[in-house]
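Protein chains in written order, with the numbering used here: chain E, 1 to 142; chain B, 1001 to 1142; chain S, 2001 to 2142; chain H, 3001 to 3142.
All residues carry an ideal CB built from backbone N, CA and C; glycine is no exception.
Number of protein chains: 4
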Amino acid sequence: MSRPPLPAIADFPFWTDEKLRIADTDHNGHINNGAIGQLCEAGRAELIQAATGDREGRDFALAVARVAIDYLREIHYPGRVRIGSLVTRLGTSSVTVRQGLFMDTALFAQAENVLVILDTQTRRPMAIPSSLRANLLNMMKK
Amino acid sequence: MSRPPLPAIADFPFWTDEKLRIADTDHNGHINNGAIGQLCEAGRAELIQAATGDREGRDFALAVARVAIDYLREIHYPGRVRIGSLVTRLGTSSVTVRQGLFMDTALFAQAENVLVILDTQTRRPMAIPSSLRANLLNMMKK
Amino acid sequence: MSRPPLPAIADFPFWTDEKLRIADTDHNGHINNGAIGQLCEAGRAELIQAATGDREGRDFALAVARVAIDYLREIHYPGRVRIGSLVTRLGTSSVTVRQGLFMDTALFAQAENVLVILDTQTRRPMAIPSSLRANLLNMMKK
Amino acid sequence: MSRPPLPAIADFPFWTDEKLRIADTDHNGHINNGAIGQLCEAGRAELIQAATGDREGRDFALAVARVAIDYLREIHYPGRVRIGSLVTRLGTSSVTVRQGLFMDTALFAQAENVLVILDTQTRRPMAIPSSLRANLLNMMKK
């Protein structure tokens, strides 16, 4: 299986800053894998917010269909992390977001997130609205 | 300051069982204080559910005004805990719930929770509805 | 991309029971994706515990290298979930565990976890000890 | 019961900044009470860190004996919060820390935390070391 190369800071057009908490640690002494999932979610949420604008009045929702996280090295409390996000694929009704998670400048995890655009009424997949598609295109690699 | 005596298993008419998770631990190697707050919340929620019945169609809500937790001893993953709950005071629009948290038969924490009954429309305190008051009376010490 | 078929209850030799908490919910009204990650972790931890025995005196550790979760449908509080786990691959120093997460009998998520066996001293990958390998073989599909 | 007046921003000599996460929300649509406990813990941890310096080589530990939180109003994701901390009492082997939690400039919760200084060897309470006492005195109201 050939994996894509590890991401670098320059790959990501969109950034989210988060701060580690004691509750993010576990009895192995490091930041818990689930907490790293929360950091990915924080990055996804800010990217979605930036791409879709206000939640009010929207006729679509984004549901998370798949999250795959590669844990590359341990990190420890205290500290701040930066989550870089990049749209890597735009399907008819789905978006793929790749993320790199950095502490200081070291990559400690990467993630691939697949989101599906749902019609708020029917809760079924719908084509990505054109204004959202335009915004997401701006978060793809140039 | 005189404190009430520590609670015993026989004091509690209502019980909730929970199971510890790795994410409940922290880098001190024990169950995190915040996770113990989640266990208290689990007990409160089941007591409220038992006393109020279905959430649907209710014209009141219960808001948590105060939670005070005494941490008596450390506990460690893995394991199960039991949360005993007892209504200790019924005011006009507030309820006080005392809790004892046990692992095996050892008390490791106790909590006092003050809940306020709110009118769903106005979000202001309202008198405890009579059927709810009757149910809560059944959860007081005989 | 061809995906393996969705797992069924009968596929899993190892089971973990968990109970949902209010803190597992989020403002979308459902169980948060990160909380579902905690449920996968609970299943992994119990499988590892069953396969390796006591943590004391072990000269190896298991590190999580990758977790990929497919979110198939929303679930809601309150309730209990069952996490089925199955070893699908045994490499020289890595183990792949597939999981199916069920509420009542409905599959709501599946996960693939890759674990690496590390030498506790060097923190580098080491060959799976033979007794652990034997135990993990028992958790593969017959 | 006469309660002390609600705290104001000017009361607190020590501040911690935190950022809300989606995982902090619950199905009531607001930030979960337990997540507010995590914010108090973040403030406690930074105050302890500032007062005690490096964890390495210390012969004492601080254990949380009691946390009482008053929930004054709901807050919602997204946003940042500031936690002000103030030492209000120094006993022989215990410290009381009062906290005010603010979003924008509005107080939404307050907390009282009682910490006990433990001898790392015996795990029993010990007198507050003089250098720690001096640092904690600087975090009391002038």
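With contacts defined by Cβ atoms closer than 7 angstroms, residue 1034 of chain B and residue 3079 of chain H do not form a contacting pair. In this structure, DSSP gives residue 1018 of chain B an extended state, which the three-state scheme calls strand. Residues of the region 5-26 of chain E that bring their beta carbon within less than 8 angstroms of a beta carbon in chain H comprise 17, 18, 19, 21, 22 and 23, in sequence order.
As the crow flies, the alpha-carbon of residue 60 of chain E is around 24 angstroms from that of residue 13 of chain E. Between residue 3118 of chain H and residue 3051 of chain H, the CB-CB gap reaches or exceeds 7 angstroms.
Taking 7 angstroms as the cut-off, the beta carbon of residue 3017 of chain H is found no closer than this to the beta carbon of residue 3086 of chain H.
Contact with chain H is absent for residue 1073 of chain B, since none of that chain's Cβ atoms lies less than 7 angstroms from the residue's Cβ.
Contacts with chain E at 7 angstroms (Cβ-Cβ) include residue 1029 of chain B. Taking CB atoms only, residue 3041 of chain H has a neighbour in chain E less than 7 angstroms away. If you check each beta-carbon in the region 1060-1072 of chain B against every beta-carbon of chain H, the ones closer than 9 angstroms belong to 1061, 1063, 1064, 1065, 1066, 1067, 1068, 1069, 1070, 1071 and 1072. For residue 3093 of chain H, there is no enclosing alpha helix (DSSP H), as DSSP gives it neither H nor E. The bridge partners DSSP lists for residue 3100 of chain H are H/3084 and H/3110. For residue 48 of chain E, the secondary structure class from DSSP, reduced to helix, strand or coil, is helix. When 7 angstroms is used as the limit between beta carbons, residue 3037 of chain H is near no residue of chain S, the shortest such separation being about 10 angstroms. Contacts with chain S at 7 angstroms (Cβ-Cβ) include residue 3032 of chain H. In the structure shown, the three-state DSSP call for residue 2063 of chain S is strand. Collapsing the DSSP output to three states places residue 3070 of chain H in a strand.
DSSP places residue 2132 of chain S in the helix class (H, G or I) of the three-state scheme. When rounded, the separation of the alpha-carbon atoms in residue 22 of chain E and residue 3023 of chain H is 15 angstroms. Linking residue 3015 of chain H to residue 2112 of chain S through their CA atoms gives a straight-line distance of about 42 angstroms.
For residue 2101 of chain S, the number of other beta carbons within 10 angstroms of its own is at least 16, and it is reported as buried.
The beta carbon of residue 51 of chain E sits no closer than 7 angstroms to any beta carbon of chain H. Taking a Cβ-Cβ cut-off of 9 angstroms, the neighbours of residue 2045 of chain S in chain B comprise 1021, 1022, 1077 and 1078, given in sequence order. A check of alpha carbon separations from residue 2139 of chain S across S/2048, S/2025, S/2081 and S/2127 identifies S/2048 as the nearest. When only Cα atoms are considered, residue 3006 of chain H and residue 3110 of chain H end up about 8 angstroms apart. Note on geometry: alpha-carbon atoms of residue 1004 of chain B and residue 2099 of chain S lie some 47 angstroms from one another.
Of the residues assessed, residue 1070 of chain B falls on the buried side of the cut-off, its CB having 16 or more other CB atoms within 10 angstroms.
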